[in-house]
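Written out below as structure tokens is the structure these notes cover.
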Amino acid sequence: MEKLIIKGNIPLNGEIKISGAKNAALPILAATLLSSAPIQISNIPHLQDVTTIVSLLGQMGVRITLDERSNIEVDASRLESFHAPYELVRTMRASVLVLGPLLSRFGEAEVSLPGGCAIGTRPVDQHLKGMQAMGAEIRIENGYIKAKAAKLRGATIVMDIVTVTGTENIMMAAALAKGQTIIHNAAREPEVEDLANFLNTIGAKVSGAGTSTIVIDGVEKLGGGRYHVLPDRIETGTYLAAATITRGKIKLKNTRPDLLESILLKLEEIGAIIDTGIDWISLDMKGRRPYAANISTAPYPAFPTDMQAQMMAVNTIAEGTGVITETVFENRFMHVQELQRMGANIALKGNTAICTGSDHLHGAPVMATDLRASASLVLAGLAAHGETTIDRIYHIDRGYECIEEKLAQLGAQIHRIPSEHRE
Ligand code: UD1
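All residue numbers for the sequence shown refer to the UniProt record's numbering, where the first residue is 1 and numbers rise by one.
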């Protein structure tokens, strides 16, 4: 397996461009299954997770053309299969996003249950409950969700918990259903809104996305169109945290500060000087050490769980003690043990991590366990004195486009080495 090697203790300095959002690109690509007309999507990030969903759509018979400038053309006019196999779904839970569109357009879907994952059990009961309310017959057989519906019909659905992909799956299912669907307690994440905007671009009737009540009036048929995916707020936040932890000064372009309010406010609270324009953000630490952050993660617009690990890395070298509470996933502290190997002073108490910052971390061999955990290790490595080797970096390739190139552009000493042996 490939590794990243980082020589740390260098303040980041410079400008980079932010890529399109992974968590918007995935549902939008899944939603192309709803239409038989050609669709062009731009600002698609080059990521392993995108490759996974493209392979999944390709296996079903969707014709996809990719160019090197982040554009994708999709033609889902003919499908040969409505099957999402375990081999693909287990590598990426978001594959379950094909369930709603398949059921809505073809009346049939067979999607592997995602199963457990490193950061918790992550069930899909809310996705299924919503589709059952719309008239789908769902059986779980041999690890697969087998769903059928002659024609989905609109329904009023109250989500028991706020779920991002659950809201998206139901929204897609409702796009071609007969009548009106109302989703109460919907996720308000910007990526949910981006999916709604995409659906409306190809002829759907979705309103209220971005609020906790989404109304979808089903239409007979969806058409073609062009859509530009919104910027990745978590990639943006990760680079801002990287500049904060290294006491650097950076400018990020092709992003949207309005998507990151909770993150920007937190970074300002701990000492960063932030400036923004419509599509850029700059951050300057003026060479100073950040103060420790107290954070409680929660659904949007609160502080995102996908930035929790990165802020934990910042706390390890901050002035004072910071308390981070993870309320979205039950097992999302796997980076803590690895950060401790680099000298971090963190005590875990249930879903709370209490971290007292030390003057500096020291480089060490560490292991990435999931996507955002691996980002936190990269950040820690950038700040640490000495050399850090991060193993299992395939996790990071799932969600960060060209991470070592972008960090090198900001002055980091980072490179990738091939595996010594195959596992
Ligand atoms: C999405 C994001 C992920 C982010 C997460 C929370 C994508 C592709 N991924 O994941 O990056 O970390 O939102 O912001 O957009 N739950 C249930 N039953 C369900 C569905 C979810 O109990 O049917 C629980 C989960 O276990 C979790 C919580 O709800 O504790 C929130 O999960 P959810 O919002 O569904 O996360 P994802 O959509 O999988």
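Where is the CB? At the ideal position from N, CA and C, for every residue including glycine.
The structure displayed is predicted, hence computed values, not measured ones.
query: Return the chain-ordered ranges of every beta strand (DSSP E) run that is complete within the stretch 321-388 and spans a minimum of 3 residues.; result: 321-325, 345-349, 352-356 and 365-367
query: Taking only the alpha-carbon atoms, compute the straight-line gap between leucine 265 and alanine 272 and give it to the nearest angstrom.; result: 9 Å
query: Look at the Cβ atom of lysine 22, then the Cβ atom of glycine 399, and state whether they are nearer than 7 Å.; result: yes
query: What is the C-beta distance between leucine 222 and leucine 267, in whole angstroms, given that I count them as a contact (C-beta under 8 Å)?; result: In fact, because the Cβ distance is near 40 Å, the residues do not count as touching under 8 Å.
query: Whose C-alpha, out of Leu33, Gly135 and Asp160, is nearest the C-alpha of valine 124?; result: Asp160
query: Throw me the rounded Cβ distance for the residue 428 and threonine 255 pair, which I believe falls under 8 Å.; result: In the structure as shown, the chain starts at 1 and stops at 423, and residue 428 therefore has no counterpart that could be examined.
query: How close, in whole Å, do the beta carbons of threonine 389 and histidine 335 come, if the pair is a contact with beta carbons under 8 Å?; result: The pair is not a contact, with the Cβ atoms about 16 Å apart (cut-off 8 Å).
query: Give me, in chain order, the residues of the same chain whose beta-carbon lies closer than 7 Å to that of threonine 201; leave out the 5 immediate sequence neighbours on both sides.; result: Gly225 and Tyr227
query: With DSSP as the reference, please indicate the residues paired to valine 54 in a beta bridge.; result: DSSP lists no partner for valine 54.
query: Which of helix, strand or coil does DSSP assign to threonine 65?; result: strand
query: Considering only C-alpha positions, which residue in the set Ile324, Phe82, Pro101 and Val378 is nearest to proline 365?; result: Val378
query: In the DSSP output, which residue or residues are listed as bridge partners for isoleucine 273?; result: Asp284
query: Do you know how far the Cα of leucine 259 is from the Cα of arginine 233?; result: 6 Å
query: Look up glycine 197 in the DSSP assignment and say whether it is helix, strand or coil.; result: Position check: residue 197 holds asparagine in this sequence, whereas glycine was assumed. Residue state, collapsed to three classes: helix.
query: State the DSSP-derived secondary structure class of glutamate 423, mapped to helix, strand or coil.; result: In this predicted model, glutamate 423 has a pLDDT of only 43, less than 50, meaning its place in the structure is not dependable; the value taken from the coordinates is given anyway. DSSP places glutamate 423 in coil when its eight states are reduced to three.
query: Tell me which same chain residues have a C-beta within less than 7 Å of the C-beta of arginine 288, skipping the five on either side of it?; result: Arg247 and Gly271
query: Taking only the alpha-carbon atoms, compute the straight-line gap between isoleucine 16 and phenylalanine 106 and give it to the nearest angstrom.; result: 43 Å
query: Any idea if histidine 395 is buried or exposed, counting beta-carbon neighbours within 10 angstroms, 16 or more meaning buried?; result: buried
query: Would you kindly work out how many angstroms separate the C-alpha atoms of alanine 136 and glycine 130, rounded to a whole number?; result: 9 Å
query: Closest to leucine 47 by C-alpha separation, out of Leu371, His362, Glu261 and Thr305, would be which residue?; result: Leu371
query: Roughly how many angstroms separate the alpha carbons of valine 323 and asparagine 345, rounded to a whole number?; result: 12 Å
query: Can you give me the start and stop residues for the beta strand (DSSP E) that histidine 127 sits inside?; result: Element bounds for histidine 127: not the beta strand (DSSP E) but the alpha helix (DSSP H), 125-133.
query: Give the straight-line distance between the Cα atoms of lysine 148 and proline 45, rounded to the nearest whole angstrom.; result: 33 Å
query: Run the CB neighbour count on proline 27, radius 10 Å, all protein chains shown included, and call it buried at 16 or more, exposed below.; result: buried
query: Compute the Euclidean distance between the alpha carbons of residue 429 and glutamate 189, then round it to the nearest angstrom.; result: Within the shown structure, residues of the chain are numbered from 1 to 423, placing residue 429 beyond reach of any answer.
query: To the nearest angstrom, how far is the alpha carbon of glutamate 68 from that of glycine 350?; result: 45 Å
query: Taking three-plus beta-carbon pairs below 8 Å as touching, is the stretch 278-292 in contact with the stretch 165-181?; result: no
query: Going by DSSP, what residues sit across from asparagine 13 in a beta bridge?; result: Lys249
query: Between which two residues does the alpha helix (DSSP H) containing residue 464 stretch?; result: Because the chain in this structure spans residues 1 to 423, residue 464 falls outside the shown range and cannot be described.
query: How many angstroms separate the CA atom of threonine 167 from the CA atom of aspartate 359?; result: 43 Å
query: When the Cα atoms are used, what is the spatial distance from threonine 356 to aspartate 279?; result: 35 Å
query: Less than 6 Å between the CB of asparagine 169 and some heavy atom of the ligand UD1, yes or no?; result: no
query: Between the Cα of glutamate 141 and the Cα atoms of Asp275, Ala109, Asn71 and Ile214, which residue gives the shortest distance?; result: Ala109
query: Report all residues from its chain with a CB closer than 7 Å to the CB of alanine 353; omit the five preceding and five following residues, and keep chain order.; result: Met312, Ile324, Phe333, Val336 and Ile346
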